[in-house]
Amino acid sequence: MSSDGLAPSEGSVSFECPAGAAAAAVPLFMGKKRRRKSSCYKCFDGDYLNICSNQSVAKHMSKSRCKEVLFADMVVKVNKRMKMQERILLITENILFNIDPSTYKVKRRISLFDVTSLTVSTKEDNFFCIHVGTEYDYLLVSTNKIEIILTLMMQYEALTELQLPVTFADTYTSPSSSSLLALNFIPCARHPAAIFH
Numbered sequence: 042m043s044s045d046g047l048a049p050s051e052g053s054v055s056f057e058c059p060a061g062a063a064a065a066a067v068p069l070f071m072g073k074k075r076r077r078k079s080s081c082y083k084c085f086d087g088d089y090l091n092i093c094s095n096q097s098v099a100k101h102m103s104k105s106r107c108k109e110v111l112f113a114d115m116v117v118k119v120n121k122r123m124k125m126q127e128r129i130l131l132i133t134e135n136i137l138f139n140i141d142p143s144t145y146k147v148k149r150r151i152s153l154f155d156v157t158s159l160t161v162s163t164k165e166d167n168f169f170c171i172h173v174g175t176e177y178d179y180l181l182v183s184t185n186k187i188e189i190i191l192t193l194m195m196q197y198e199a200l201t202e203l204q205l206p207v208t209f210a211d212t213y214t215s216p217s218s219s220s221l222l223a224l225n226f227i228p229c230a231r232h233p234a235a236i237f238h
C-alpha cells in the first residue's frame, strides 16, 4: 500500500464508461463551441486516476451507496474569491463528489438529481459551470470538460428520463456561495480568456 492510501479493493467499486459518449459530442457541440484540434482525436477514458483502487474514496462511495465510477480526474475549481483550487471530480451513478486530492476528504457532495443545467462558452476554453438548483453553482476548469458534460447529461437522463439543459454563452453569472461571480469570455490572438468581474 502506498502512503496516499492506494490499495486494491475487492468487489466494492467498478468503473463504467458511458457507451457511445465520444460520438455523442459531435452533434452537441458542432457549430456551438470552438474546439482545439487536439480535442477532435481525444479518447474518453472515464477514470483517469484509477480511483477505484483508492480505499478512502471507496469508503466515501460506500457511505453514499455508490458502486460505479463514471468519471474521475483532477480539475480546477474556481471559488467565490476567484481563487483556483485543485480538486478531484468524481462522478458516480447518482452523486458528484468534490474531493481534496491531498487528504481525500469530501469537500462537497451533490446528488445528480439536484443538477439543473450546465453552461459552457463558445470559445476554445476549458471552463464550464454546473448549476445546482437552490445551492451555489460549481465553476470548474478541465481539459476533459466535454467528457464530463456528456457523462453528466447521459447519467442525468438515465436517472430522470429528462434531458439536462446545456447553455452555450460567452457571458453569464454564476452564484458562488454567498457572492455572485460574473464571467465574460473574449477571443484572444493566442489563447481565449475568461474575464472575471
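Take the position in the sequence shown, starting the count at 1, then add 41; the result is the number in the working numbering. Quick reminder that beta carbons are idealized off the backbone N, C-alpha and C, glycines included. The structure displayed is predicted, hence computed values, not measured ones.
**Prompt:** Is the CB of Ser105 under 8 Å away from at least one CB in chain D?
**Reply:** The structure shown contains no chain D; it is built from a single protein chain.
**Prompt:** Out of curiosity, what's the CA-to-CA distance linking Thr133 and Phe168?
**Reply:** Position 92 of the sequence shown, counting from 1, holds the residue named residue 133. Position 127 of the sequence shown, counting from 1, holds the residue named residue 168. Cα to Cα, the separation comes out at about 21 Å.
**Request:** Pull up the CB-CB distance for Asn139 and Leu130, whole angstroms please, since I reckon it's below 8 Å.
**Result:** Position 98 of the sequence shown, counting from 1, holds the residue named residue 139. Position 89 of the sequence shown, counting from 1, holds the residue named residue 130. Asn139 to Leu130, Cβ: 7 Å. Contact.
**Prompt:** Quick one: what's Ser158 bridged to in DSSP?
**Reply:** For the purposes of this step, residue 158 is identified with residue 117 of the sequence shown, where counting begins at 1. DSSP links Ser158 through a beta bridge to His172.
**Request:** Count the other C-beta atoms from every protein chain shown that fall within 10 angstroms of the C-beta of Arg128, then say buried if there are 16 or more, exposed otherwise.
**Result:** Reading the sequence shown from its first residue, position 87 is the one you call residue 128. The residue in question, Arg128, is buried, as its Cβ has 16 or more Cβ neighbours within 10 Å.
**Cα-Cα separation between Asp178 and Val117, rounded to whole angstroms** = Along the sequence shown, one-based indexing puts residue 178 at 137. Along the sequence shown, one-based indexing puts residue 117 at 76. Asp178 and Val117 have their C-alpha atoms some 14 Å from each other.
**Three-state secondary structure (DSSP) of Ser143** = Locating residue 143 in the sequence shown gives position 102, counting from the first residue. Reduced to three states, the DSSP call for Ser143 is coil.
**Prompt:** Where does Ala210 sit, in a helix, a strand or coil, going by DSSP?
**Reply:** Here residue 210 refers to the residue found at position 169 when the sequence shown is read from its first residue. Three-state result, Ala210: coil.
**Item:** Leu191 in three-state terms, based on DSSP
**Value:** Along the sequence shown, read from residue 1 onward, the residue named residue 191 stands at position 150. Helix at Leu191.
**Asked** Any idea which residues DSSP pairs Phe138 with across the strands?
**Response** Residue numbering aside, residue 138 sits at position 97 when the sequence shown is read from its first letter. Partner(s): Leu131, Arg150.
**Item:** Val161 and Ile136 closer than 8 Å at C-beta
**Value:** Reading the sequence shown from its first residue, position 120 is the one you call residue 161. Reading the sequence shown from its first residue, position 95 is the one you call residue 136. For Val161 and Ile136, no; Cβs fall outside 8 Å.
**Prompt:** Who does Met102 pair with in a DSSP beta bridge?
**Reply:** To locate residue 102, count along the sequence shown from 1; it is residue 61. In DSSP, Met102 forms no bridge with anything.
**Message:** Using CA atoms only, rank isn't needed, just tell me which of Val147, Cys170, Asp86 is closest to Ser105.
**Reply:** Counting from 1 along the sequence shown, the entry for residue 105 is found at position 64. Taking only the C-alpha atoms, the option nearest Ser105 is Val147.
**Item:** C-alpha distance - Lys108 paired with Arg150, whole-angstrom precision
**Value:** The residue you call residue 108 lines up with position 67 of the sequence shown. The residue you call residue 150 lines up with position 109 of the sequence shown. Between Lys108 and Arg150, the C-alpha separation is close to 15 Å.
**Request:** Measure the C-alpha to C-alpha separation of Cys81 and Thr163 and round it to an integer number of angstroms.
**Result:** Looking up residue 81 in the sequence shown gives position 40. Looking up residue 163 in the sequence shown gives position 122. Residue confidence is low: Cys81 scores 49 on pLDDT, short of 50, so the model does not pin down where it sits. No coordinate-derived value is stated.
**Request:** Whole angstroms is fine: what's the gap from Asp155's alpha carbon to Thr175's?
**Result:** Taking the first residue of the sequence shown as position 1, residue 155 is located at position 114. Taking the first residue of the sequence shown as position 1, residue 175 is located at position 134. Their backbone Cα atoms lie some 9 Å apart in a straight line.
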